[in-house]
Every structure is written in structure tokens, then in C-alpha cells.
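Asks: Dropping a structure here in C-alpha cells format, bear with me for questions.
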Amino acid sequence: MSSPFNQISVSEIKRDLLTGLIGSEIHLLDEVKSTNEVAKEFASEGKKEGTVIISESQSKGKGRAGRSWLSPKGVGIYLSVILKPDIAPADVSQLTLVAGVAAARAIKDLFHLSVSIKWPNDLMIGKKKLGGILLETGSTGNTLNYVIIGIGINVNTDISSFPREVRSIATSIKDEKGVYVKRTRLIRRLIERLDVWYENYISGGIEDIIEVWSDLSATLNCHVTVTSSDRVTGGMAVGISHNGALLVKQADGCVKEVMEGDVA
Amino acid sequence: MDLKELKKLVNFFEKNKILSELEIEESGVRVRLKKNGGGVPIPSAREEVIASTEKPSKKGAQDKNLMTIESPMVGTFYGAPSPGTDPYVKEGDVVKKGQTLCIIEAMKLMNEIEAELNGRIVSILVEDGSAVEYGEPLFYVEPL
Numbered sequence: 002m003s004s005p006f007n008q009i010s011v012s013e014i015k016r017d018l019l020t021g022l023i024g025s026e027i028h029l030l031d032e033v034k035s036t037n038e039v040a041k042e043f044a045s046e047g048k049k050e051g052t053v054i055i056s057e058s059q060s061k062g063k064g065r066a067g068r069s070w071l072s073p074k075g076v077g078i079y080l081s082v083i084l085k086p087d088i089a090p091a092d093v094s095q096l097t098l099v100a101g102v103a104a105a106r107a108i109k110d111l112f113h114l115s116v117s118i119k120w121p122n123d124l125m126i127g128k129k130k131l132g133g134i135l136l137e138t139g140s141t142g143n144t145l146n147y148v149i150i151g152i153g154i155n156v157n158t159d160i161s162s163f164p165r166e167v168r169s170i171a172t173s174i175k176d177e178k179g180v181y182v183k184r185t186r187l188i189r190r191l192i193e194r195l196d197v198w199y200e201n202y203i204s205g206g207i208e209d210i211i212e213v214w215s216d217l218s219a220t221l222n223c224h225v226t227v228t229s230s231d232r233v234t235g236g237m238a239v240g241i242s243h244n245g246a247l248l249v250k251q252a253d254g255c256v257k258e259v260m261e262g263d264v265a
Numbered sequence: 002m003d004l005k006e007l008k009k010l011v012n013f014f015e016k017n018k019i020l021s022e023l024e025i026e027e028s029g030v031r032v033r034l035k036k037n038g039g040g041v042p043i044p045s046a047r048e049e050v051i052a053s054t055e056k057p058s059k060k061g062a063q064d065k066n067l068m069t070i071e072s073p074m075v076g077t078f079y080g081a082p083s084p085g086t087d088p089y090v091k092e093g094d095v096v097k098k099g100q101t102l103c104i105i106e107a108m109k110l111m112n113e114i115e116a117e118l119n120g121r122i123v124s125i126l127v128e129d130g131s132a133v134e135y136g137e138p139l140f141y142v143e144p145l
């Protein structure tokens, strides 16, 4: 699958790209530890908001809480975007929702797959994980210095090549559609969707995004058990708060806001 | 300041060899801690809590001119980039402005807290992996 057809083409992504901010600068790299790491370096060097970093592979793709994201060469999308919004660190979790909505909609629109979002931000097809989103930010006091949105998607990934423990819980667009797809097209769509939803968020706030997120959610109206570092919360997921916390209605009727943890 | 924070403060005071006296004022509550000559802390014996209408100060301890670095968000405190790796900073470390001190994680969002000033980490107030509130003190830093 290393035919020219499936190589990522920056010129093709940029051709007639109608975005205001995201994708103004696009860097395609062959192999990096993690695109988020490169984006962080670029952000500290003063690269402008909207800069996109894409890599053909990652040797240390990041998941949540120091976990890894398998990033084999030439088959997935490993992409990071630098943003510098004028918002407080306490609100930056809203951008997790923005990124989730943009990525889910891009895949859904382009490939007609029934993608859903598992709280906070796993891209799912049924019970299997198709992609993930990891935000990394830096703040000094109450000032946000930068936001990196990292997106990893299994596109033409052969899930049977993954370790046994991952195989049953992961999927790829190729495995779902039965055909290889062009990554360049999806990257372009992703950039466009991110641009639209980010602009919508900056100008209009989080309400629209919460509504769309809720429609895409695989977590709401389900019984959930959320395991975080120091507690387990069980109950019915009844909604999300304005900053994206999961609202879990417990057996005693109390609604608890959960900001982190693994949902099962 | 609630009981949990007070316990943290007393714990910090007990461990710290430099400080013999510490006075902290936050949200209108002032706490003064003093060790006796033998270096054994006797915080509760000399503790006084005085209600005050003064505005809370960002300074951790006025005597020593310590700065408090607070969490700007709700989340989980991580002192190291990933489990099993060296921590970003240890007590006693000298840090530069902009240096990463810790990560606060919430909702798949890792926020690196960067030092607001050049200084020395006098105390780390939160345990690795514990939940932190908005505005919860994370570090006391002695400006250098």
C-alpha cells in the first residue's frame, strides 16, 4: 500500500483549501516520536496559530495518561494542530469537544460510517476504537500559552497486524469499508471541519458544539462506570456540562460531574 | 482554606527544614505556624486562625516571600511526563521561568503548568495522581 496514490500530498491538501485559519501552514514529516511533540516545539518557536503537523509514522504516539497510540507507517493519520485561543485554562477542555465533533463529522461525511464519540474523545465504530484525540496545552498562571490538538485515526491500518490485546478493541476505515481509502482526502476534510467548528466556537461559544457532540455521543443515556485515578463513579450518563464534564446520575439521584477517567 | 489544605500546610511546614515560622493568609483566613527551638514542629499548639476582611494574598508565606503556584483547572496532578519516569521537578530544584513543573490532566487534555518566575521549589503540595481543584495550591516557590 505504498503506491503514489496513497502518499500524503501537501499540495493536494492545500489546493483550493477554503479555510480561514487551520492549514495556513502544513508540515509533512516522515517519522517523528509524536506529532504533538513537534507541534509543541513549533509553538514554542513561535509558529503561528493554525499550523498543521502531519507525520507518516510515530515512534511514540501518545495516548492518555502516558499510554501509547500505535502509529504504523503510511497507513494512518497522525496530525496535530497548533492553536492559540484567548481563553482560560479552565475552559480549554471545551476544545476537546470541538476536535471530537470535527473529526467525527469529517469521517462520517466522507465515508458514511456511523462514527460515534465515546466520552471524552474516542472515535468509535460500534464498540471498536477508530481514532483518538489528545490535547496538550501549556499555561502560565491563568494564561494559556498554546493548545495542541492531536488526532490519530486508523485509516488503511491492518488491525490484524496489531497485538492480540488491541485487535478486538480497534478498527480502521479500511477494515470497516473493505477498501483502501485516500488519506489525503480525509486530512483535507479534517482540516476543513476543524476550521469550521473552531471558528464556530470562537465566535459563538460552546452551545452548538455540545448539541452536535451529544448527537454523536455513544456515552449519553447509557449506564456507565467511570474509573479515574482515585474513584469509581457509576450511574446514568445524562449529559455533559459546558466544559465537557460527563454528568453522571447516580443511584441516589445525585448528578455528579466527572472530569476524567475511563468509561466502561 | 479547608481541613485538607490545612493538613497539607502543616505537613509542608513540618518537613521544611528552613522555615521556623510560617504565616499564610488566604480568603480572609490567616494561619500562623511556629516550630520550637529543638526543631520539632508544634503547629497545633501555636496555631491561630483569625478572620480577616483583607483580600487573599497570592504569597504562600509572607515571611519567606514564597509564591504559590495554583492549579488553573480541575483535573489530576501528574508530577512526571509518564508513569515510571523522572519527575519534572523535585523539592529544592531551581527552576526557570517557563519551565514545566507538572501536568494537570482532564478529559484527555494534558496541561503543562509552566513556572511563572525563576525560583526554587520549596514544596510540592500535591501527591502524584491526586485530584486537584481549580485554584488549589500545587507548589511553593521561593523567587530567585
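Sequence order for the protein chains is X and V. Numbering-wise, the first sequence is residues 2 to 265 according to our numbering. Numbering-wise, the second sequence is residues 2 to 145 according to our numbering. Where a beta carbon is used, it is the ideal one built from N, C-alpha and C, also for glycine.
What are the start and end residues of the alpha helix (DSSP H) that includes V39 of chain X?
Replies: Looking at the DSSP string, the run of the alpha helix (DSSP H) that includes V39 of chain X is 36-45.
Asks: Using a cut-off of 7 angstroms between C-beta atoms, extract the partners of I114 of chain V located in chain X.
Replies: Chain X residues near I114 of chain V: S140.
Asks: Which same chain residues, not among the five before or five after T97 of chain X, have their C-beta less than 8 angstroms away from its C-beta?
Replies: P121, N122, I134, L136, G245, listed in sequence order.
Asks: Let me know the alpha helix (DSSP H) ranges lying completely inside the stretch 205-241 of chain X, each 4 residues or longer, listed in chain order.
Replies: Correct list: 208-217.
Asks: Give the straight-line distance between the Cα atoms of K257 of chain X and P90 of chain X, rounded to the nearest whole angstrom.
Replies: Answer to the nearest angstrom: the Cα atoms are 22 angstroms apart.
Asks: Go ahead and pull the three-state DSSP assignment for Y135 of chain V.
Replies: The answer is coil: DSSP assigns Y135 of chain V none of H, G, I, E or B.
Asks: In chain V, which residues lie less than 8 angstroms from I134 of chain X when you measure between Cβ atoms?
Replies: The contacting residues are K109.
Asks: Tell me the residue span of the beta strand (DSSP E) that contains K175 of chain X.
Replies: Here K175 of chain X belongs to no beta strand (DSSP E); instead the alpha helix (DSSP H) covers 174-178.
Asks: Starting from S56 of chain X, trace the beta strand (DSSP E) both ways and give me its first and last residue.
Replies: 53-59 is the span of the beta strand (DSSP E), which, as asked, contains S56 of chain X.
Asks: Please report how far the alpha carbon of I104 of chain V lies from the alpha carbon of L111 of chain X, in whole angstroms.
Replies: Distance between the alpha carbons of I104 of chain V and L111 of chain X is about 36 angstroms.
Asks: With H, G and I counted as helix, E and B as strand and the rest as coil, what does DSSP make of K250 of chain X?
Replies: Strand at K250 of chain X.
Asks: Among X:V233, X:T141, X:I54, X:I174, whose alpha-carbon lies nearest the alpha-carbon of S25 of chain X?
Replies: Cα-wise, what sits closest to S25 of chain X is X:I54.
Asks: Run through DSSP, which three-state label would A107 of chain V get?
Replies: A107 of chain V falls in the strand class under three-state DSSP.
Asks: Rounded to the nearest angstrom, how far is the Cβ of S56 of chain X from that of V33 of chain X, given a contact under 8 angstroms?
Replies: The pair is a contact, with the Cβ atoms about 5 angstroms apart (cut-off 8 angstroms).
Asks: What does a CB cutoff of less than 7 angstroms around G132 of chain X pick up in its chain, not counting 5 residues either side in sequence?
Replies: For G132 of chain X, where only same-chain residues beyond five positions count, the Cβ hits under 7 angstroms are A104, L124, I152, G153, I154, N155.
Asks: If you measure between the beta carbons of S140 of chain X and E115 of chain V, is that distance less than 8 angstroms?
Replies: Cβ atoms of S140 of chain X and E115 of chain V: closer than 8 angstroms.
Asks: Check N244 of chain X in the structure and name its three-state DSSP category.
Replies: Reduced to three states, the DSSP call for N244 of chain X is coil.
Asks: Which of helix, strand or coil does DSSP assign to P57 of chain V?
Replies: Because P57 of chain V carries a pLDDT of 42, less than 50, the predicted location of this residue cannot be relied on, and the following value inherits that uncertainty. Here P57 of chain V sits in coil by DSSP.
Asks: F78 of chain V by DSSP, collapsed to three states: which one?
Replies: In the structure shown, F78 of chain V sits in a strand (DSSP, three-state: E or B).
Asks: Could you name the residues of the same chain whose beta carbon sits closer than 6 angstroms to that of E137 of chain V, not counting the 5 residues immediately before and after it, in chain order?
Replies: Answer for E137 of chain V: S72, listed in chain order.
Asks: Please identify, using Cβ separations under 9 angstroms, the residues of the stretch 86-98 of chain X that lie next to chain V, in order along the chain.
Replies: Against chain V - using a Cβ distance shorter than 9 angstroms - the residues of the stretch 86-98 of chain X are A89, P90, A91, D92, V93, S94, L96, T97, L98.
Asks: Interface residues of chain V around N222 of chain X at Cβ under 8 angstroms?
Replies: Those do not exist, as N222 of chain X stays about 19 angstroms from chain V at its closest Cβ, beyond 8 angstroms.
Asks: Taking contact to mean 3 or more Cβ pairs, one atom from each stretch, closer than 8 angstroms, check whether the stretch 240-254 of chain X and the stretch 209-220 of chain X are in contact.
Replies: At 8 angstroms Cβ cutoff, the stretches touch.
Asks: Would you list, in chain order, the members of the stretch 242-264 of chain X that have their beta-carbon closer than 7 angstroms to a beta-carbon of chain V?
Replies: Here the close residues are G245, M260, E261.
Asks: Identify every residue that forms a DSSP beta bridge with A91 of chain X.
Replies: Looking at the DSSP assignment, A91 of chain X forms no beta bridge with any residue, so it has no partner.
Asks: Identify the contact partners of N143 of chain X in chain V, using a Cβ-Cβ distance below 9 angstroms as the criterion.
Replies: Simply E71, P73.
Asks: From the DSSP output, in three-state form, read off N146 of chain X for me.
Replies: Residue state, collapsed to three classes: strand.
Asks: So for L71 of chain X, helix, strand or coil by DSSP?
Replies: Looking at L71 of chain X - three-state DSSP - the assignment turns out to be coil, as it is neither helix nor strand.
Asks: Determine, using beta carbons only, whether S35 of chain X and G75 of chain X come nearer to each other than 8 angstroms.
Replies: No, the pair does not count as a contact, with Cβ atoms beyond the cut-off.
Asks: Given 8 angstroms as the limit, is there contact between the stretch 111-127 of chain V and the stretch 249-265 of chain X, that is, 3 or more CB pairs closer than that?
Replies: These segments do not touch.
Asks: Examine chain X for any beta-carbon lying closer than 8 angstroms to the beta-carbon of Y135 of chain V, and answer yes or no.
Replies: Yes, contact with chain X.
Asks: Verify whether the separation of the beta carbon atoms of S229 of chain X and G206 of chain X is less than 8 angstroms.
Replies: No, the pair does not count as a contact, with Cβ atoms beyond the cut-off.
Asks: Taking only beta-carbon atoms, is G38 of chain V less than 8 angstroms away from chain X?
Replies: For G38 of chain V, the predicted structure reports a pLDDT of 49, less than 50, and the residue's modelled location is therefore unreliable. A value from the coordinates is still provided. No, G38 of chain V does not count as interfacial toward chain X.
Asks: How is A171 of chain X classed by DSSP in three states: helix, strand or coil?
Replies: A171 of chain X: strand per DSSP, three-state reduction.
Asks: Taking all protein chains shown into account, decide if E291 of chain X is buried (16 or more other Cβ within 10 angstroms of its Cβ) or exposed.
Replies: Only positions 2 to 265 of chain X appear in the structure, and residue 291 of chain X is not among them; the question remains open.
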